[in-house]
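Trainee:
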DNA sequence: GACTGACCTG
DNA sequence: CAGGTCAGTC
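Residue numbers (full-length UniProt numbering): 1 to 309.
#1: What does DSSP give as the partner residue(s) for residue 149 in the beta ladder?
#2: Taking residue 193 as the reference, which of 181, 172, 213, 205 has the closest Cα?
#3: Which residues bound the alpha helix (DSSP H) around residue 223?
#4: How close, in whole Å, do the beta carbons of residue 249 and residue 165 come, if the pair is a contact with beta carbons under 8 angstroms?
#5: Taking the alpha carbon of residue 236 as the reference point, which residue from 219, 254, 222 has its own alpha carbon closest?
#6: Note down the Cα distance separating residue 311 from residue 265, rounded to an integer number of angstroms.
#7: Where does residue 220 land, buried or exposed, given buried means 16+ other C-beta within 10 angstroms?
#8: Going by beta-carbon coordinates alone, are residue 302 and residue 159 separated by less than 8 angstroms?
#9: Give me the Cα-Cα distance between residue 269 and residue 215, rounded to the nearest whole angstrom.
#10: On the CB-based measure, 16 or more other CB atoms within 10 Å of its CB, does residue 75 come out buried or exposed?
#11: For residue 242, does the three-state DSSP call read helix, strand or coil?
#12: By how many angstroms is the C-alpha of residue 244 removed from the C-alpha of residue 140?
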């Protein structure tokens with residue numbers, strides 16, 4: 001990947017259902033998405049049997065444990081898989097719900113009868129239906145070490161959060177290379193993308209909140225706004241993406257955060273926030289500030305190393 | 001028509 | 001964080 005072409009800024013920067021919206025604000029240079037979907041995994045029918053979920057009747061068998069150190073997840077067999085508490089899954093909540101298996105019966109008016117299999121697929125979210133069909137996993141992948149993960153683990157989430165310190169808008173291709181131990185399919189990709197979307201949401205909410213607070217506190221110039229490792233905003237962010245505080249947040253992140261904060265501050269001061277799409281301009285600026293994620297993150301076991309140094 | 005991301009909700 | 005909606009792109 002290297003410095004290919006810095007973030008093709010896939011950012012439509014949507015405008016909400018505002019009214020006038022004649023504010024143009026066209027996607028300008030940003031309009032250009034990155035359609036890359038390099039699909040070596042075009043789901044060539046493959047087999048749908050074993051790939052489809054767990055043979056066990058238990059609920060949280062979704063994905064193997066967080067066996068970070070390549071420790072074969074096989075160790076679980078003996079355990080009483082019936083008791084959740086033994087799984088330590090609780091702490092991080094990352095409970096990958098086996099969506100496809102759970103039919104929200106009669107959720108919507110359309111199909112009351114709701115035939116067993118079919119129904120769900122058609123309904124709303126397209127991706128869901130696709131979740132099951134993985135491609136023939138015989139795909140030999142370059143991942144090094146332990147077994148390919150069927151799903152995302154709490155460690156993957158933790159890793160994603162740390163990556164956020166470098167990139168706020170990772171491309172799906174980038175994610176594929178940084179999570180090489182994961183078998184990608186539409187679901188996984190969507191989930192990872194979703195994670196970052198959630199990360200950004202939190203990030204921007206904090207920024208806006210802090211900016212408004214500063215204004216209320218009488219701050220009048222962005223010069224007075226700086227993000228240090230001991231300010232409230234930083235603490236909130238660190239608590240969110242690096243809860244255990246066992247990772248050294250890169251300096252660059254502080255800079256980007258400060259730029260973001262000032263961006264919000266100026267916009268609000270200028271009264272831009274009356275425009276429903278006022279944040280769009282800010283997003284456009286921030287999405288260009290992504291840094292290269294360190295190579296080490298490409299290692300499936302990077303957490304151990306990262307958190308030890 | 002499929003896909004993407006912001007936004008909202010729980 | 002996941003689910004869903006909606007607007008916007010191609």
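Every residue, glycine too, gets a C-beta built ideally from N, C-alpha and C. Here the structure is a predicted model, which is why all the values come from computation and not from measurement.
Mentor: Judging by the given coordinates:
#1: Your numbering for residue 149 matches position 149 in the first chain. For residue 149, which the question treats as bridged, DSSP gives the partners 182.
#2: Within the first chain, the letter at position 193 stands for residue 193. When each option's Cα is compared against that of residue 193, the closest is 172.
#3: On the first chain, position 223 is the one that residue 223 refers to. First-last for residue 223: undefined, no H or E at that position.
#4: Taking the first residue of the first chain as 1, we reach residue 249 at position 249. Taking the first residue of the first chain as 1, we reach residue 165 at position 165. With 8 angstroms as the limit, residue 249 and residue 165 qualify as a contact, their Cβ atoms being about 6 angstroms apart.
#5: Locating residue 236 in the first chain gives position 236, counting from the first residue. Residue 254 is the option with its Cα nearest to residue 236.
#6: Residue coverage of the chain in this structure runs from 1 to 309, which leaves residue 311 outside it and unanswerable.
#7: Sequence index remark: in the first chain, residue 220 carries index 220 (1-based). Its Cβ having fewer than 16 others within 10 Å, residue 220 is exposed.
#8: The residue given as residue 302 occupies position 302 in the first chain. The residue given as residue 159 occupies position 159 in the first chain. For residue 302 and residue 159, yes; Cβs fall inside 8 angstroms.
#9: Here the question's residue 269 lines up with position 269 in the first chain. Here the question's residue 215 lines up with position 215 in the first chain. Rounded to whole angstroms, residue 269 to residue 215 spans 8 angstroms at the Cα level.
#10: By one-based count along the first chain, residue 75 stands at place 75. Residue placement at residue 75 is poorly supported in this model, since its pLDDT is 35, which falls under 50; the coordinates still yield a value, given next. By the neighbour-count rule (16 or more Cβ atoms within 10 Å), residue 75 is not buried but exposed.
#11: Within the first chain, the letter at position 242 stands for residue 242. Coil.
#12: What you label residue 140 is simply residue 140 of the first chain in a count that begins at 1. What you label residue 244 is simply residue 244 of the first chain in a count that begins at 1. Because residue 140 carries a pLDDT of 40, less than 50, the predicted location of this residue cannot be relied on, and the following value inherits that uncertainty. Taking the straight line from one Cα to the other gives about 35 angstroms.
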